[in-house]
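J.: Numbering (the working numbering), first residue to last: 525 to 1291.
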DNA sequence: TCATGACTAACTGTT
DNA sequence: TTAGTCATGA
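The following block contains the structure:
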């Protein structure tokens, strides 16, 4: 028998062996879905399908890289195109940019940039937005884009003031994006859909090229993605989608559950495979999940079962405060680790909102538990990183207004809001990019103070100077930016804690760039580098093989599994989230979020809530989540507090309701966690905490070996160095790696010189 | 034009 | 709690 199939069950085999025609794989949690997808890719390759005809699309970067590594094991060296929808869209758009009015070097705006751009458009256009914030308007535009409603086709609805505003603002916003040759995340899909729709020849070419398409997490696709998929599989109808309606948790992002619920209507000849056997969780965990999700109406019924062990009871624990909750969990985990039962990496803690991670972090630090937090977009959202990347954006795409606005006065060079506004007005009036407007400063606006004009011209020539670097190594580009703009000096001379951490982050960025250069040597990859920065999310930074406890949102947890799972803050308003409690379909989505969390657990699961929780700096009484009442009592072990003080009626009521449902095992006074660990005693263990980033510079030490040679690693951006002939200088930029590592050094007398570090007599100053 | 400090409003999730 | 806005004085 084919070794690809031996380890699979019947349903899995059926899915893997399916080759032509549409297929829907309904895969319950833990049913080996990723296995099926990867094995199917390998199987297709084995049956002679060229790798170039395969396209596998996922929803997140994490899922894509997971899949890439697994396909790599099954079918090494096969160049299967495997990426997220957005990345796929970005690549296609590079190729067909002119078809949709972009230049190939277009910029991708993240949520923040897009919102700022929108705000500018609203201000500049003097739109009356009444009480609607740019955020609200942006959401409405995003929804329209996800539904593929083009700016000129948007129809305001009577009785919806917001839609009238959107009808005005949306076209202006989109015009400005195109003028900047920029797209937002939604455009990555909308433009592609439009491209395929408006260009039958392009569509046919791509349909021909991607004859076999596999889509993971199909329940999370939105209308735009749906249309793209349909367009790419019209002639070659080998579209295989996998998903689980019960795990659809991106409705707010436009995911349309109908896509999966109606797949069989769209493709009447679709082969449908159900993967219902769960290989992940214990019977009791699965029953809790199954009964909870049974309360949803909009779903496809499926029966989950497992041959795994019965397992221990699912725990529900009540705490007084969030601090109790956090420290109890931390103590439990470290006890399990020190007794040798578990490793730190066996544990994961899930929460509904990122803000809840802070208390947990504190508790973990106190106990000295190593942990890693998965949080979206942290690094690339930092001001200093965005500032530096802003210059890169500008080098890559000089029409990028957002980049101009970000960099024109960063670091401060005396170009104030007033000047910028005049520039913007001029640019909008002339319908030209901001940088061009800045370029014209000397010639057009005679009324301007020559002081301002001078500064603006200096900025323009700075950008021009940097632009000559477009094809250099990333590290060199970044290095030049840092030195030429004075950004590095400014931070280095700063004394605040903040400046220090900014500097550390910059170092981290340089290290990252250096790694990138090693992977893509020779330079000229600025665009790819930026694309990567724009489309990453920090989930990629998750290291499965380090021994740390994982903390993340329930959304980020999708697709992962852990031996022991904690879900915290099962409270009304948190899970379900307060913005979702009124709408039944949103409530169902919240239930699915809980379902996803529960089904990540392999052996143990603890859910908890606190009677009091700090929110917005205020302490509030909570109401336990109604979802808890929907779970089977007989599978659970409950730990209620004995007394929570006077008149905690909501919690009392909840307990009565919970107990009324004939609960066999209750455990009223045992198991209450000890108040908390004394905060003062700072154990030496806490040294092990690993939340901070160690920069390459920190690790490099003095970098001088016994022979007196200075390791190339000893040199860092901006460092003062000594040369025997030229004397004191400063490192302006670094590039290359290993023995090819070069430094550009600016000397006081001799000007700029370039050195190959291993052969150079350069030394860090002062050594 | 910029730095400072007071004040205020917001806190879902991800590409 | 905190990021962001606003007013003030230098």
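Each residue gets a CB set at the ideal place from its N, CA and C atoms; glycine is no exception. This structure is a prediction, so every number in the text was calculated from the model and none was measured.
Since residue 771 contacts residue 553 with CB under 8 Å, what's their CB separation in whole angstroms?
T.: About 7 Å; that satisfies the 8 Å criterion.
J.: Where residue 1073 and residue 873 are concerned, what is the direct C-alpha to C-alpha distance, given to the nearest angstrom?
T.: Each residue's alpha carbon lies about 8 Å from the other.
J.: Can you find at least 3 beta carbon pairs, one from the region 698-706 and one from the region 718-729, that sit closer than 8 Å?
T.: Judged by Cβ distances under 8 Å, the region 698-706 makes no contact with the region 718-729, as fewer than three pairs qualify.
J.: Sort 741, 693, 679 by Cα distance to residue 609 and report the nearest one.
T.: It is 741.
J.: Within its chain, find whatever has a CB closer than 8 Å to the CB of residue 690; leave out the 5 residues flanking it on each side and keep chain order.
T.: Answer for residue 690: 661, 664, 665, 668, 678, 680, listed in chain order.
J.: Which full runs of the beta strand (DSSP E) of 3+ residues lie inside the region 528-614, going along the chain?
T.: 547-551, 578-582, 605-608, all fully within the region 528-614.
J.: Let's test the definition: count the other Cβ atoms within 10 Å of the Cβ of residue 766 and tell me whether it reaches 16, buried, or not, exposed.
T.: Residue 766 should be labelled buried.
J.: Take every Cβ of the region 921-929, pair it with every Cβ of the region 628-646, and state whether three or more of those distances are shorter than 8 Å.
T.: With the cut-off at 8 Å, the region 921-929 and the region 628-646 touch.
J.: With H, G and I counted as helix, E and B as strand and the rest as coil, what does DSSP make of residue 804?
T.: Coil at residue 804, not helix or strand.
J.: Leaving out five residues on either side along the sequence, give the residues of the same chain with a beta carbon under 7 Å from the beta carbon of residue 769.
T.: Within the same chain, residue 769 has close Cβ partners 743, 781, 784, 785, 823, 824.
J.: Who does residue 1148 pair with in a DSSP beta bridge?
T.: Beta-bridge pairing links residue 1148 to 1095.
J.: Taking only the alpha-carbon atoms, compute the straight-line gap between residue 1125 and residue 1265 and give it to the nearest angstrom.
T.: Taking the straight line from one Cα to the other gives about 47 Å.
J.: Which runs of the alpha helix (DSSP H) fall wholly inside the region 679-705 and span at least 4 residues, in chain order?
T.: 685-703, all fully within the region 679-705.
J.: Can you tell me whether residue 1082 is helix, strand or coil according to DSSP?
T.: Three-state DSSP puts residue 1082 in coil, outside helix and strand.
J.: So for residue 1005, helix, strand or coil by DSSP?
T.: In this structure, residue 1005 counts as helix in the three-state DSSP scheme.
J.: Would the beta-carbon of residue 1130 fall within 8 Å of that of residue 839?
T.: In this structure, residue 839 lies closer than 8 Å to residue 1130 by Cβ.
J.: Given a cut-off of 8 Å on the beta-carbon distance, is the pair residue 560 and residue 580 in contact?
T.: Contact flag unset, no.
J.: Can you list, in chain order, the residues of its chain with a C-beta nearer than 7 Å to that of residue 800? Leave out the 5 residues immediately preceding and following it.
T.: Excluding residues within five positions, the ones whose Cβ falls inside 7 Å are 552, 555, 826, 827, 828, 829.
J.: Just how far apart, CA to CA, sit residue 1150 and residue 1184?
T.: Roughly 15 Å separates the two Cα atoms.
J.: Report the partner residues of residue 1074 according to the DSSP bridge assignment.
T.: Paired residues: 872, 896.
J.: I need the DSSP call for residue 771, collapsed to helix, strand or coil.
T.: Three-state result, residue 771: helix.
J.: Would you call the CB atoms of residue 1258 and residue 1289 closer than 8 Å?
T.: No, Cβ-Cβ distance for residue 1258 and residue 1289 is not below 8 Å.
J.: Between the Cα of residue 790 and the Cα atoms of 987, 938, 548, which residue gives the shortest distance?
T.: Among 987, 938, 548, the Cα nearest to that of residue 790 belongs to 548.
J.: Do residue 1279 and the ligand MG come close, with the Cβ less than 7 Å from some heavy atom?
T.: With respect to the ligand MG, the structure offers nothing, as it holds no ligand at all.
J.: Should residue 851 be labelled buried (16 or more other beta-carbon atoms within 10 Å of its own) or exposed?
T.: Label assigned to residue 851: buried.
J.: What residues match up with residue 1277 in a beta bridge as DSSP calls it?
T.: Partner(s): 1269.
J.: Beta strand (DSSP E) containing residue 956: first to last residue?
T.: Looking at the DSSP string, residue 956 is not in any beta strand (DSSP E), and its letter there is neither H nor E.
J.: When the Cα atoms are used, what is the spatial distance from residue 1279 to residue 1009?
T.: So the two alpha carbons sit approximately 22 Å from each other.
J.: Can you say whether residue 572 is buried or exposed, counting buried as having 16 or more other CB atoms within 10 angstroms of its CB?
T.: It counts as exposed.
J.: In terms of residues, what are the limits of the beta strand (DSSP E) holding residue 1125?
T.: Residue 1125 -> beta strand (DSSP E) spans 1125-1139.
J.: On a Cα-Cα basis, can you pick out the residue from 788, 795, 831, 957 that is closest to residue 805?
T.: For the residues 788, 795, 831, 957, the minimum Cα distance to residue 805 belongs to 831.
J.: For the region 884-900 and the region 852-863, state whether three or more C-beta atom pairs, one from each stretch, are separated by less than 8 Å.
T.: The region 884-900 vs the region 852-863: in contact.
J.: Mapping DSSP to helix, strand and coil, what is residue 824?
T.: DSSP places residue 824 in coil when its eight states are reduced to three.
J.: Please classify residue 821 as buried or exposed, where buried requires at least 16 neighbouring CB atoms within 10 angstroms.
T.: Exposed, because fewer than 16 other Cβ atoms sit within 10 Å of the Cβ of residue 821.
J.: On the three-pair Cβ rule with 8 Å, is the region 840-848 touching the region 1134-1152?
T.: Taking 8 Å as the limit for Cβ pairs, the verdict is that the region 1134-1152 does touch the region 840-848.
J.: Grouping DSSP H, G and I as helix and E and B as strand, with all else coil, what is residue 726?
T.: In the structure shown, residue 726 sits in a helix (DSSP, three-state: H, G or I).
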